[in-house]
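According to the working numbering, the residues represented by the sequence shown are 37 to 408, in order. One structure below.
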Amino acid sequence: MDIAEPTDNAEDSRFMRLALALGRRGLGRTWPNPAVGAVVVKDGVIIGRGWTQPGGRPHAETEALARAGDAARGATLYVTLEPCSHHGKTPPCADAIIAAGVARVVSALVDPNPEVAGAGHWRMAEAGVVVEVGIGAEEARQAHAGHIRRVQDGRPHVTLKLAVAADGKVALAGRKPARITGEAAAAHVHLMRAMNDAVLTGIGTVLSDDPLLTCRLSGMGERSPVRVVLDTMLRLPPGGRLAHSARQAPLWVMAGEGAPREREQALTAAGIVVLRVPGTRERLDLAAVLKLLGGRGITRLMIEAGPIVAAAFLRANLVDEATLLRSPSAVGADGIDALDGLPLSALTQSPRLKSLGSEAVGADMIETFERM
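Below is the structure:
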């Protein structure tokens, strides 16, 4: 019985890349479970593919094994995260792999979940399955960043999105909304929404922009995330687009402990979930907000808010990843800065974030950052 270190094998790397690509199909749809991908291969031929299904089950491994059928006996299974070893709402995937007669498992990562944490690998190895861990580990850590963050820190992985004009502004004078980026960048943002469990904004943005915050790419309406609004005193307009769409896409409003109960009742009657969070009359405790979201199963959170909320998350060191969309056009000297009370360099030159590079999307540029 042994769990082997990964070998530098081009074929293993190729099949793991496919498993990672399959797993990404589930991003935004599998919470509270991770979006795992799996591939069953025999004699160099793919005989089964699977990815975690909406709601978190069936799991990727059982999906791939079901497609492989009896041919899985003697095959190799590539999986982006350690197969589970505990009984939850479904039996352990490790047992299903053993029962299918899989000869070898190539796993990218040990699952940090204390209910697994290596036990799945050991169970398979004890049953005579050859287990190799580590192929594609870095890519898998990125793919499962939300799951890892929630298990380790009790909160979601946070991505801050900012669309900024060439002069560093994000809105017109008086906080009037301005169209900053083009259609291609807007489509990228909708895809980001679909790949996150939830998208968060502040009540200031709601009152000035009346946003919808759904995914409106063709054929992807059902991929809309949970919409979360920071609204200390429950000022959310009952006639706004968010409230009107609460029964089509989930809407959670984070209110202060002193917010009026009658407003909560009115919002609840409209299908809105109201959650109380500690804080002051002006500002909620962001760490408590994230802990509450993590407790409700959210693993990946996108911040799509105005300068006040964006700056608050940066100041609190709660940004794990950032996407900066830069337009070649300017708003004007009287426009609103991207970060309230902070220069844009607080993001672009932060000692806590490193740039992963930029790419052109239409006429705009998109630069991504991640926590160091």
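Heads up, the beta-carbon is just placed ideally off N, CA and C, and yes, glycines get one too.
| Item | Value |
| --- | --- |
| Residue from G73, L113, L196 and C129 whose Cα sits closest to the Cα of C120 | C129 |
| Proximity test, Cβ basis, 8 Å: C129 and chain C | You won't find chain C in this structure, because it holds only one protein chain. |
| Counterpart residues of R407 in DSSP-defined beta bridges | L389 |
| Minimum length 4: unbroken alpha helix (DSSP H) runs contained in the segment 128 to 212 | 129 to 135, 155 to 162, 173 to 179 and 181 to 189 |
| Run of the alpha helix (DSSP H) containing A77, from where it starts to where it stops | Reading off the sequence shown, one finds Val at residue 77, where the question assumed Ala. No alpha helix (DSSP H) holds V77; the beta strand (DSSP E) holding it covers G73 to K78. |
| Close-in-space but distant-in-sequence residues of the same chain around E300 (CB under 8 Å, 5 per side omitted) | L270, A291 and V310 |
| For L19, three-class secondary structure by DSSP | Residue 19 lies beyond the stretch modelled for the chain, which goes from 37 to 408, so this question has no answer here. |
| Straight-line Cα distance separating L287 from I308 | 5 Å |
| Cβ-based burial, S363 [other Cβ within 10 Å; buried from 16] | buried |
| Helix, strand or coil at R362 [DSSP, three-state] | strand |
| Distance between G64 and S254 (C-alpha atoms, nearest Å) | 17 Å |
| S394, buried or exposed, once every other Cβ within 10 Å from all chains shown has been counted against 16 | exposed |
| Ranges of the beta strand (DSSP E) found wholly within the segment 258 to 342, counting only runs of at least 3 | 262 to 266, 287 to 292, 309 to 313 and 336 to 339 |
| Under 8 Å between C-beta atoms of I339 and K197 | yes |
| DSSP three-state assignment for L243, whether helix, strand or coil | helix |
| Integer-rounded CB distance, given that A135 should sit under 8 Å from T116 | Between A135 and T116 the Cβ distance is about 21 Å, and since that is not below 8 Å, they are no contact. |
| Separation of L278 from A230, as counted between CA atoms | 17 Å |
| Where N149 falls, given that 16 or more other Cβ within 10 Å makes a residue buried | buried |
| Three-state secondary structure (DSSP) of V355 | coil |
| Given H280 as reference, the closest of T250, T268 and E298 once Cα atoms are compared | T250 |
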